[in-house]
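Numbering-wise, the working numbering puts 20 at position 34 of the sequence shown, and it's gapless, one number per residue.
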Amino acid sequence: MSVVIRNTINVSLDLYCSIVCLFIIISLLTSPHKKNKVDICFILTCFCNILICLFDALAWITDASPNPKIFALSKFSEFMYFFVGILIFYFYIRYMLAYVQSDLKRNGFHIATIIVEAIYLIILFTNHFTGAMYSFDENNTYHRGYLYYFTLVLEGILYGICMMIVFTNRKKFKSQNRVSFLSFIFFPIITQIIQSRFYGISLITSGCTLSFFIIYIRTNFQIEKNIIEKNTESLLQDKFLTNLQNNTIISLSNLVENRDSDTGHHVKRTSKYVELLALKLKEDGYFKNIL
């Protein structure tokens, strides 16, 4: 496979993944339900995935270009790719902890995440001087550094934290939710292994996007289910109030009838007339929002 074809495929995959995540974000933002901390964390996770797709696409576009300006752009895009990538872990773990309603200040998983990501960021921010994570040669060609695989171990620890959150809070996760949450572990790890083994194939963003889409489908299904349940509850409450109101009127009319039969029958006749008029107006299409 030629370099041009390889880069074109990788850029196309990145752009496709960014469009999918953009669709997820727009769908969640325009959803009628009230946004909570769980939704915000997931939206931020998807937004970071869009950024990492765009920076990855930019890195492939500028790959091996001799132009000095493009050379600087390659370094910037590669740095942002790794930086935003670690942010995905942070927001996703925050998303999981928010889902189980855990106190972040006292949560060991959150503390462990911050420590692991701090080590990762130290390596990343010092990479310009050490070349420990990655480097570029004089031809603007990317090379992995001597600590590259150590950073993969750090990412593996973060995946392990995600798995432990699901395991320790398994009673709070329904079986379908466990599968969707664990998809973030399964698909990115598989694509990461393939990407690490065969340089030149960019699949990690596709793995993340696939897992986020699975989570979105489950989340959207749960949102629609909650909306239906709330609407049903509201209708039942309205029906209860209507029946209570009708029974109150009937009781008062019976009370009046016991005192005066003519007046009592008048109340019942009037209610029948009103009912017939309402039915006729409804048939003719009037006052649809009321009748």
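Even for Gly, the Cβ is constructed at its ideal location relative to N, Cα and C.
Please list the terminal residues of the continuous alpha helix (DSSP H) segment that includes residue i.
i: F57; result: 54 to 85
i: S13; result: -11 to 15
i: L133; result: Counting along the chain, L133 falls outside any alpha helix (DSSP H), and DSSP gives it neither H nor E.
i: N113; result: 113 to 116
Reducing DSSP to helix, strand and coil, say where residue i ends up.
i: H96; result: helix
i: Y128; result: strand
i: F41; result: helix
i: P174; result: helix
i: F184; result: coil
i: D25; result: helix
i: L230; result: helix
i: G271; result: coil
i: L110; result: helix
i: T48; result: coil
i: N206; result: helix
i: L189; result: coil
i: K266; result: helix
i: R156; result: coil
i: K278; result: No answer is possible for residue 278: it lies beyond the span of the chain, which begins at -13 and ends at 277.
Got a sec: does the ligand FAD put a non-hydrogen atom nearer than 7 Å to the Cβ of residue i?
i: Y134; result: As far as ligands go, the structure on display features none, and thus does not contain the ligand FAD.
Residue j and residue i - do their beta-carbons sit closer together than 8 Å?
i: C194; j: N(-4); result: no
i: S188; j: D49; result: no
i: K158; j: V86; result: yes
i: T191; j: C39; result: yes
i: I151; j: F95; result: yes
i: T154; j: Y106; result: no
i: I29; j: L14; result: yes
i: S169; j: I200; result: yes
i: I147; j: A84; result: no
Could you check where the beta strand (DSSP E) with residue i kicks off and where it finishes?
i: Y120; result: 120 to 122
Any contact between the region 57 to 75 and the region 98 to 116? By contact I mean 3 or more CB pairs, one from each, below 8 Å. yes
Is it true that the region 95 to 105 meets the region 117 to 127, where meeting means three or more beta-carbon pairs spaced less than 8 Å apart? Judged by Cβ distances under 8 Å, the region 95 to 105 makes no contact with the region 117 to 127, as fewer than three pairs qualify.
Closer than 8 Å is the cut-off here; do at least three beta carbon pairs connect the region 70 to 78 with the region 51 to 60? No, because fewer than three Cβ pairs between the region 70 to 78 and the region 51 to 60 fall closer than 8 Å, the two stretches do not touch.
Would you say the region 4 to 11 touches the region 20 to 27, given that touching needs at least three Cβ pairs under 8 Å? No: the two stretches stay apart, fewer than three of their Cβ pairs being nearer than 8 Å.
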